Amino acid sequence: YTGAELMSYEALGFCAPGESGPQLAAGIFNLGSELPTNPSGGLLGFGAPAGATGIAQAIEIFRQLQGTADPRRQVPGARCGLAECHGGTATIAVVHVFDRRD
Numbered sequence: 005y006t007g008a009e010l011m012s013y014e015a016l017g018f019c020a021p022g023e024s025g026p027q028l029a030a031g032i033f034n035l036g037s038e039l040p041t042n043p044s045g046g047l048l049g050f051g052a053p054a055g056a057t058g059i060a061q062a063i064e065i066f067r068q069l070q071g072t073a074d075p076r077r078q079v080p081g082a083r084c085g086l087a088e089c090h091g092g093t094a095t096i097a098v099v100h101v102f103d104r105r106d
C-alpha cells in the first residue's frame with residue numbers, strides 16, 4: 005500500500021521524515037536509480053498474498069540477485085536486497101537483508 009511504502013522509506017532511513025513523497029516524485033527509487041525499490045510493483049503487484057508476503061518478497065530478491073528476474077524489472081548487477089514486511093496495527097515488523105556472494 006502506497007502510504008505504508010512511504011513510511012517504510014523513512015523508517016528504514018532511506019530518506020528523512022516527511023521526504024519520502026518528494027524523493028519518490030524525484031525518481032530516487034525508480035529502476036535504474038541508485039536505490040531501485042519495488043521493481044516488481046510491490047506486494048500489490050503480486051496480488052497481496054495474505055500470509056505469504058514475506059516469501060513473495062524473498063523470492064523476488066533471490067531472482068534479482070541471481071539475475072533471473074523478469075528482464076523488464078531486473079536490477080542490473082544487483083548485489084544486495086532488503087525486504088521489509090509489517091502487519092496489523094503496528095503489531096509485527098520483520099526485515100531481511102540479502103546479499104550476493106560470489
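All letters in the sequence shown, in the order written, are residues 5 to 106 by the working numbering. Every residue gets a Cβ at the ideal spot worked out from N, C-alpha and C, and that includes glycine. Bear in mind that the values here come from a model prediction, so they are computed numbers and not experimental data.
TODO: Tell whether a beta-carbon distance below 8 Å holds between residue 65 and residue 51.
DONE: If you number the sequence shown from 1, residue 65 lands on position 61. If you number the sequence shown from 1, residue 51 lands on position 47. Cβ atoms of residue 65 and residue 51: not closer than 8 Å.
Open item on the list: Check whether the region 33-45 and the region 64-83 are in contact - that is, three or more C-beta pairs closer than 8 Å.
Closed with: yes
Open item on the list: For residue 60 and residue 103, I'd like the C-alpha separation in whole angstroms.
Closed with: As a working mapping, residue 60 is identified with position 56 in the sequence shown. As a working mapping, residue 103 is identified with position 99 in the sequence shown. Spanning the two alpha carbons is a distance of roughly 17 Å.
Task: Three-way DSSP call (helix, strand, coil) for residue 96 in this model - done: One-based indexing of the sequence shown puts residue 96 at position 92. The answer is strand: DSSP assigns residue 96 an E or B state.
TODO: Check each candidate in 98, 41, 62, 93 and name the one with the smallest Cα separation from residue 80.
DONE: As a position in the sequence shown, residue 80 is number 76, starting the count at 1. Comparing Cα positions, the closest option is 41.
TODO: Pick out the complete beta strand (DSSP E) segments inside the region 41-66, 3 residues or longer, and give them in chain order.
DONE: none
TODO: Look at the alpha carbon of residue 21 and the alpha carbon of residue 14, and state the distance between them as a whole number of angstroms.
DONE: As a first step, residue 21 is located in the sequence shown; it is residue number 17 there, counting from the start. As a first step, residue 14 is located in the sequence shown; it is residue number 10 there, counting from the start. Residue 21 and residue 14: Cα-Cα distance of roughly 5 Å.
- [ ] Alpha carbon to alpha carbon, how far is residue 82 from residue 95? Give it in angstroms, no decimals.
- [x] The count along the sequence shown starts at 1 and reaches residue 95 at position 91. The count along the sequence shown starts at 1 and reaches residue 82 at position 78. Each residue's alpha carbon lies about 31 Å from the other.
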